[in-house]
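A short worksheet on the structure shown next.
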Amino acid sequence: MTSLFGEPIARLEDDRLLRGHGAYLDDLGHDALAAAFVRSPHAHARITDIDVSGALDVDGLVAIYTYEDLPGRVAEPLPLLIPHPALTHPRTGFPLAADEVNHVGEPVVMVIAADRYLAEDAAEAIIVDYEPLPVVVGVDAARDGERLVHADVPGNVAAEFIQSNGDAVAAIAAAPHLLELDLTIERSASSPLEGRGVLARWDTESKRLRIWTSTQTSTGVRAAVAAKLDLALADVDVITPDVGGGFGVKIVHPWPEEVLVPWAAKQLLRPVKFTEDRIEHFISSAHERGQRHRVRVGFDDEGHVLGLDVRFWHDNGAYIPYGLIVPIITSTQLLGPYKPGAYRVEFTSLYTNTVIVTPYRGAGRPQGAFVMERTMDAIAAALGLDRTVVRERNFITPDEMPYDHGLIFQDGRPLIYDSGDYPASLAKIKALVGWDSFPAVQAEAREHGRNLGIGLACYVEGTGVGPYEGAHVIVETSGKVKVATGLTSQGQGHQTVFAQIVADELGVPIGDIEVTTGDTRAFSYAVGTFASRAAVMSGSAVALAARTARAKAIRIAAAALEASPDDMEIVEGVVRVKGDPASAIAIGTVAVLSNPLRYAFDEAAKAATQFAGGDIDKPPIAEGEEPGLEGREFFSPIRSTFASGMHAVIVETDPRTAEIKILRYCVVHDCGLLINPRIVEGQIHGGVAQGVGGALYERICYDEYGQLQNASFMDFLMPYVSEVPDGIEIDHLETPSPLNPLGIKGA
Amino acid sequence: MTDAGLADVLFDVRLVVNGIVHTVAVPARRLLSDCLRHDLRLTGTHVGCEHGVCGACTVLVDGVATRSCLMLTVSADNAEITTVEGLTEPDGTLSPVQQAFADCHGLQCGFCTPGFLTTITAALADIPDPTHDEAREIIGGNLCRCTGYQNIVKAVLRAAELRRQLS
């Protein structure tokens, strides 16, 4: 049978989505009450009074909740999801503001009504009195510390963290050349087309809570809500419906609404739904990217980096529920494919009166790559060397793999690259973009009055971050195969690629495989979808679970056919003796035999009943076996696997208008072995578009009062097709990872 | 700003949606997108921004691509509306535009997709044989955060090809 691993097959998800039969959060719960929120119009203020009396006459009003109405743990601050020893002053928000608001958009009052229109009517009629407090916006205001976001956090400093490998300061002092660079990146935001949303039902008969939420981690929401509502984990189900994009923002949990809506549903004994609108997404979800960096780099005459010292300031917004992940990724992934002689990095994470900062695609890596690649270009310019030459001289070489940077990565584990071939990637990207012939192209264009430029950037991406994922493969007696894994999907094509893996590993037709993700009823142990980890983590777990099911199918079939397991194979859903196609059992029949029966439930099941045969001298289920043709396995690698890539771009600039036109965009990408090249290329296309948006168009603009000036798609300039390159040229390098059974890395 | 004073007054509106006649009683302020999604439960039409920029809510109103989040239900009285659910052929096969998206990997999360499908369907009725540049122009008003548009442009051209094969 032809292997499906590596084939660019069309996606299994698409048919239903193309018919309009997807089921996103707001497509569910037509019977639910609607939640709307009164949100702070102030960036920093004390709440002095909340007057709800004007809202009480609104038709359809069901309930109004303020902080004072919240009981027990619901009233406590939201969890600090990722503690870190350097995070000395963690602050998280309350589900509803207790007495102080710290950014525009912070929820203050929850209104529940018959529909969203009426809930907003009531919300508009609620009057909240505020006493404004001094506002802190931007890194400069935060670090001079004259005004404080949180009165008990001196200098607005949430954390200070230093990592080093070698003595960078001494190496820089002794180096023949020194450069100092100040590099700043502005804020952007994930901005999935679907915002956040949550629907909850309390089942009064079974006393169970069922939550649907547009999340990147259903198990995370489940654990957090169960803890908040003091429910047994077993009494809470969390289901991720179709999710209209995530890009990082939906890994944060529990959002205030994810606590409040389930709590209200349980209070009211009615289903309740919250669907975020676009302005709410801008002012009350999360942003990313905003950082200022100061680089000191010492290097020799050939461009070798002898010492690199980076100091940066990270604006983490009003609270820090996701810990230090973003600046830790900047501080470690900044190194990219390079090996400076010595490295020191120090960052300060600062509170400001703005929306929280949590991972957005790349999660700190774009900042690091920007800083390092600018530094490489600056070294090349200072020495009059070709930019690719300086880069190559600083590359980690394939024979140095695995390469230990002597730092701790975002997963709490050593920053050790597992594999990669950066010189080969550079050779490919230079060939693809025509690096060496570009000066002639540029000169010719200049003769025609056109200004062309070429740029190159390299990155290494820690993917497949732990701690684990698991998977369950069940062969039904029909021969259909049900696969479940706990992490969630937001459009990455997981159902397709996991089905490809199972089809190969188990030997069944892909059309017989159905994959479920992000539903705690189907698989309750999981971490979530972030850091390009789904294929590596769940893909590996799915492969292992399928192998277990396959081995069991072969054991059972071999016994039934009186053949040796070593002589068996599974092809197109039939377990058979190699070279003897007549000795064969359909895998669905093997599933029947795997479960010894007293009662036949259909014709096929008769084969497994007690008078149908079998060795009467052995127990019906052998020792160490279980009934059912299933496999359930977990995958937990020692550390992350490191994908890499290089992008080269040729642009034309118009000096009169400052317009930048992308003429060529080339990518060389190495994510290990490709499961589905079509899906990988789709991911690259999307990443390039977001990169172009981040570099040229998108910017979250706060004014000095903490008002977000561009909280709409009219003003926050996400790229349309007119802003993205017309064609993205892609070449792949496939350097297998030694850290997982499939040799893959995140894409 | 909503006007709660009129919230109680309902207006009967006749809509022909995907060939089926519906009569709904809605407040004046009810958006067509909300009526389609929550009154008629045709949830294939998605709402991405509610200010007419993203295009996810695009439906065909009397054949014209229209942002249903910018239209009141009452102003669609007697209109013929086609939503994504109505693009599929009567026998259940995907329309050329839908099939082209499947062929070209023109979607990832699928949230913006219905708006692209309706927009492209209307455009190809006017421009059956678009050039590459025209294909980009056709989708120039719809936002997608996943695909970088590369495969959507391909899908426009593929859909035109499939349409020609059918005719």
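Chains as they are written, first to last, in our numbering: chain P, 1489 to 2235; chain X, 228 to 394. Cβ coordinates follow ideal geometry from the N, Cα and C atoms, glycine included.
Relative to residue 1824 of chain P, the option among P/1848, P/1847 and P/1856 whose CA is nearest is P/1856. One thing to note: residue 1844 of chain P has its Cβ no nearer than 8 angstroms to the Cβ of residue 1667 of chain P. For the 8 angstroms CB-CB criterion, residue 1518 of chain P and residue 265 of chain X form a contact. Within the same chain, and ignoring the five residues on either side of residue 1802 of chain P in sequence, the residues whose Cβ sits closer than 6 angstroms to its Cβ are 1779, 1815, 1835 and 1837. Beyond the five residues adjoining it in sequence on each side, residue 1584 of chain P comes within less than 8 angstroms, by CB distance, of 1553, 1554, 1555, 1558, 1595, 1596, 1597, 1598, 1744 and 1748 in the same chain, given in chain order. Proximity to residue 1809 of chain P across P/1775, P/2008 and P/1788 peaks at P/1775, based on C-alpha coordinates.
Between the stretch 2160 to 2180 of chain P and the stretch 2201 to 2220 of chain P, the count of C-beta pairs closer than 8 angstroms reaches three or more; the two stretches touch.
Considered as a whole, the stretch 1643 to 1722 of chain P harbours 1645 to 1653, 1665 to 1673, 1685 to 1691 and 1696 to 1701 as its complete beta strand (DSSP E) runs of no fewer than 3 residues, in chain order.
Residue 2173 of chain P carries a helical assignment under DSSP once its states are collapsed to helix, strand and coil. Within the stretch 2066 to 2149 of chain P, the complete beta strand (DSSP E) segments of 3 residues or longer fall at 2068 to 2074, 2118 to 2123 and 2129 to 2142, listed in chain order.
By the Cβ test, the stretch 316 to 336 of chain X is in contact with the stretch 377 to 393 of chain X, since at least three Cβ pairs between them sit closer than 8 angstroms. Put simply, the stretch 340 to 358 of chain X does not touch the stretch 1645 to 1655 of chain P. Fewer than three CB pairs are less than 8 angstroms apart.
When Cβ pairs closer than 8 angstroms are counted between the two stretches, the stretch 2024 to 2040 of chain P is seen not to touch the stretch 2090 to 2102 of chain P, the count staying below three. The criterion of a C-beta distance shorter than 8 angstroms is satisfied by residue 309 of chain X and residue 286 of chain X. A residue is called buried when at least 16 other Cβ atoms come within 10 angstroms of its Cβ; residue 1906 of chain P meets this threshold and is buried. If you check the CB distance, residue 245 of chain X and residue 313 of chain X come in under 8 angstroms. Non-local beta-carbon contacts of residue 1607 of chain P in its own chain, meaning distances under 6 angstroms to residues more than five positions away in sequence, involve 1522, 1524, 1599 and 1601 in chain order.
Put simply, of P/1687, P/1800, P/1777 and P/1729 the residue whose alpha carbon is nearest the alpha carbon of residue 1762 of chain P is P/1687. Spatial neighbours of residue 2001 of chain P in its own chain (CB-CB distance under 7 angstroms, excluding positions within 5 residues in sequence) are listed in chain order as 1969, 1971, 1987, 1990 and 1991. Judged by pairs of C-beta atoms under 8 angstroms, the stretch 2114 to 2124 of chain P touches the stretch 2017 to 2030 of chain P, as three or more such pairs exist. Cβ neighbours of residue 1501 of chain P within its own chain (closer than 6 angstroms, five residues either side excluded): 1983. Taking C-beta separations shorter than 7 angstroms and ignoring five residues to either side along the sequence, the partners of residue 1841 of chain P in its chain run 1531, 1532, 1590, 1591, 1623, 1624, 1625, 1637, 1806 and 2194, following chain order. For the 8 angstroms CB-CB criterion, residue 1788 of chain P and residue 1794 of chain P form a contact. Residue 2119 of chain P sits close to residue 2040 of chain P, with the two beta carbons spaced by under 8 angstroms. In the structure shown, the three-state DSSP call for residue 1620 of chain P is strand. Here the alpha carbons of residue 392 of chain X and residue 386 of chain X stand approximately 10 angstroms from one another. For residue 281 of chain X, the chain P residues whose Cβ falls inside 7 angstroms of its Cβ are 1681 and 2201, in order along the chain. Contacts with chain P at 8 angstroms (Cβ-Cβ) do not include residue 247 of chain X. Taking the C-beta atoms as reference points, residue 1978 of chain P is found no nearer than 8 angstroms to residue 2008 of chain P. Residue 2233 of chain P sits in coil when the DSSP states are folded into three classes, being neither helix nor strand. Ranked by Cα distance from residue 2029 of chain P, the options P/2191, P/1957 and P/1586 are led by P/1957.
Cβ atoms of residue 299 of chain X and residue 269 of chain X stay farther apart than 8 angstroms, at about 17 angstroms.
If you look at residue 1533 of chain P, you'll find it in the beta strand (DSSP E) that goes 1533 to 1539. Annotation note: the stretch 1784 to 1850 of chain P contains the following uninterrupted alpha helix (DSSP H) runs of length 4 or greater, listed N- to C-terminal: 1813 to 1821.
Annotation: residue 1894 of chain P has no Cβ neighbours in chain X at a cutoff of 9 angstroms; minimum Cβ distance is about 36 angstroms.
According to the DSSP assignment, residue 1864 of chain P belongs to no beta strand (DSSP E) but to the alpha helix (DSSP H) extending over 1853 to 1871.
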